[in-house]
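Quick note, the sequence shown lines up with residues -26 to -1, 1 to 302 if you use mature numbering (1 follows the signal peptide of the UniProt record, and there is no 0). Encoded as structure tokens, the structure appears first; notes follow it.
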Amino acid sequence: MGRKPLLVPVVVMVVGLGLAVSPARAGAVVADPSKTPIEAVAKINGQVVRDAATAQRLIDAYWTPERMRSAIPWNPEGVIDDPELERRDRPGNVGSPATDARPVAPPPGATARTVNSSPGVGKVFFTKPGGGHYVCSGSTINNPTRNVVSTAAHCIHGGKNGVNHENWMYAPLYNDGATPHGKWPAKLFHATKGWTEHSYHWWDFAFVNVWPVNGKRLVEKTGGNGISFNQSKTIPVTVLAYPSAAPYDGKKQIYCKTNLHWAAAAQVKVFCGLTPGASGGPIFQNYDNAIRFGFTNSVVAYVWGQRNYGPYFDSDVRTVYDRAKNKA
């Protein structure tokens, strides 16, 4: 069955989602596995940037408050959602439950400005080659080089027959045009061929290394979340994101406390009904409201009715994260 974003109001507390179509019956999975990691250099204004100062200057100039407020969610077309194909293409590489990075509190002066909002969650902005300003959500990960953002793959790449987005920027604790913790330009994108070549929902996750800003790395400025893999699919979770379609406006973080549910061979779901713009927002395990950080355990990929779906973070996801976590 095709899945389209439905803008259904639900009760959540204040503090991308794709069009999916069922394919024809597919044959054998191609020899080059969907789980193959992909790495790409980010571009600003169509050019590869070679240093942090230039990246910061260009992104600061491009993303004015007016452009940020005008940005809208991007809904990728032709996304594949086929349970039988999913079972064959991503049968699951589930090892022992594990965590990698652990949450670290923000330095003084970087505490949350709004109750229940987190400086470790932000709004993502980007452009596409055909034009337009678009938004997603993301979360900071406390990786060894202190510069990783977790998000959805469709928030960095157009999927099958598409290309990488440009002018990509992460704004921690974004609030109605204000970027209290800076604008962090993308340096490297990490995803899988399952998304970039096939637009499979179950591979809709990504990690981004961002450039330093004013001589500091991201986690040094905001603190960072942990990340967990191979966890139970039926645990309490907290979702934070920037839904931007009605009844929300994308001006501030929205959160939803709920339980995680099994959805498919390699997907999980929550009953939050967060609308487009929430894509890439973290589905947290063990979110600590005292320090405003938790363990990113999945990301919002799309909405169907009141259900938000995300890829299950197993050992295949960890392989992609491991490629990103030590990049300077």
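Just so it is clear, CB atoms sit at the ideal spot from N, CA and C, and this is done for glycine as well.
Item, Value
"Contact between the segment 233 to 243 and the segment 195 to 204 (3+ Cβ pairs under 8 Å)", "no"
"DSSP beta-bridge partners of Ile130", "None; Ile130 has no bridge partner."
"Own chain partners of Cys129 with C-beta closer than 6 Å, once the 5 adjacent residues on each side are dropped", "Val98, Cys110, Ser253 and Gly254"
"Integer-rounded CB distance, given that Val23 should sit under 8 Å from Pro256", "Not really, about 27 Å apart at Cβ, beyond 8 Å."
"Stretch-stretch touch, CB-based, cutoff 8 Å, three pairs: the segment 137 to 156 with the segment 290 to 299", "no"
"Contacts around Val3, its chain only, beta-carbon distance under 6 Å, and the 5 residues preceding and following it disregarded", "In this prediction, Val3 has a pLDDT of 43, which is less than 50 and means its spatial position is unreliable; what the coordinates show is noted afterwards. Taken in chain order, the residues that qualify are Arg62 and Asp63."
"Presumed contact (8 Å Cβ cut-off) between Ser218 and Pro47, rounded CB distance", "5 Å"
"The segment 263 to 279 / the segment 158 to 172 touching (three or more Cβ pairs under 8 Å)", "no"
"Burial state of Ala86, where buried means 16 or more other Cβ atoms lie within 10 Å", "The pLDDT assigned to Ala86 is 39, lower than 50, so where the model puts this residue is not dependable, and the model offers no usable value."
"Classification of Tyr229 by the beta-carbon crowding that lies within 10 angstroms, buried from 16 upward", "buried"
"C-alpha gap between Gly123 and Lys299, whole angstroms", "The displayed chain sequence assigns Val, not Gly, to residue 123. About 10 Å."
"Terminal residues of the beta strand (DSSP E) in which Trp236 lies", "His235 to Ala238"
"Whole-angstrom C-beta distance between Arg120 and Arg191, which should lie under 8 Å", "4 Å"
"C-alpha gap between Gln21 and Lys161, whole angstroms", "12 Å"
"Where Ala165 sits in the DSSP three-state scheme", "strand"
"Whole-angstrom C-beta distance between Lys301 and Asn183, which should lie under 8 Å", "5 Å"
"Residue of Tyr216, Tyr261 and Gly247 minimising C-alpha distance to Pro146", "Tyr216"
"CB contact flag (Gly155, Thr196, <7 Å)", "Checking the displayed sequence, the identity of residue 155 turns out to be His instead of Gly. Yes."
"Residues that Pro210 bridges to, as DSSP identifies them", "Asn233"
"Integer-rounded CB distance, given that Gln30 should sit under 8 Å from Pro159", "6 Å"
"Contact check, Gly251 vs Gly224, beta carbons under 7 Å", "yes"
"Residue burial classification, Asn19 (beta-carbon count within 10 angstroms, cutoff 16)", "exposed"
"Whole runs of the beta strand (DSSP E) within the segment 89 to 123, excluding any shorter than 3 residues", "95 to 101 and 107 to 115"
"Proximity to Pro285 [Cα-Cα], best of His175, Val68 and His131", "His175"
"Cα-Cα separation between Asn282 and Gly151, rounded to whole angstroms", "26 Å"
"The beta strand (DSSP E) enclosing Tyr276, as first and last residue numbers", "Tyr276 to Trp278"
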